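Trainee: Dumping the structure here so I can ask a few things about it.
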Amino acid sequence: MFGKRLLLVLFSASLLIQCAGGGATTASRSGYKKTIGDFRKAGIRLKSRNLIMKYGFEIEREEGVEEDDIGDIYLSTRWKTRMPYEDEKANNIISARMKVTIRGRASQRVLNMTSGERLFKVEFDTEGEVMIRGQDEWVKQSYSVELTAYFQKFYEELAAELRFTR
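If you want the numbering used here, it's the 1-based position in the sequence shown plus 26.
In structure tokens form, the structure reads like this:
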């Protein structure tokens, strides 16, 4: 009984933190998505790459990251396999994997009228899948409290880093 109450409190606290963090948050069945704000292209590219590597992900696909490219930015990682968190193990999850996508869409805001440099609205998006005991396929499942906290920390670090690039 106490354990269930503790999980409910942790989950509620996690939701409050997400809502207080700024930007729009979307929690889906198997993802965590949050808008960070408007930033310069060079900062998005550099800071995103650095944090992706810091968190142990490998970039699978990059688009629009060159300085002279005026299109949108897209960075997507490969699936990263991880051990299940304790709250996932309780649900017979034996393995888990996750990936991150960072998008920068050209904003209507222009940073410098002379150069025409545009700002890009940055979105942080994640996916997660799990392997459940007795099954042979990866399946999407609601994020656990611990996984949500992990991605919330990643998001907060990225947002803090990008704020220095405006």
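In this text, a Cβ means the ideal position worked out from N, Cα and C, and glycines have one as well. Note that the structure is predicted; figures quoted are calculated from it, not measured.
Identify which residue in W164, T103, Y81 has its Cα closest to the Cα of K179.
Mentor: Taking only the C-alpha atoms, the option nearest K179 is Y81.
Trainee: Give the range of the beta strand (DSSP E) segment to which F146 is assigned.
Mentor: That run of the beta strand (DSSP E) goes 143 to 158.
Trainee: Between which two residues does the alpha helix (DSSP H) holding E114 run?
Mentor: Segment 112 to 115, the alpha helix (DSSP H) holding E114.
Trainee: Check whether the Cβ atoms of S102 and K67 lie closer than 9 Å to each other.
Mentor: Result no, Cβ atoms of S102 and K67 do not sit closer than 9 Å.
Trainee: So E89 is in the alpha helix (DSSP H); what residue range does that whole segment cover?
Mentor: Per DSSP, E89 belongs to no alpha helix (DSSP H); it is in the beta strand (DSSP E), 85 to 89.
Trainee: State the beta-bridge partners of L101 as determined by DSSP.
Mentor: E88, I128, per the DSSP bridge assignment.
Trainee: I'd like the list of long-range same chain contacts for S54, defined as Cβ closer than 7 Å, with 5 residues on each side in sequence excluded.
Mentor: Interpretation of S54 is limited by its pLDDT of 47, a score under 50 that renders its predicted location unreliable; no figure is taken from the coordinates.
Trainee: Of all the options F83, F190, I62, K106, which has the alpha carbon lying nearest to the alpha carbon of E155?
Mentor: Nearest C-alpha to E155: K106.
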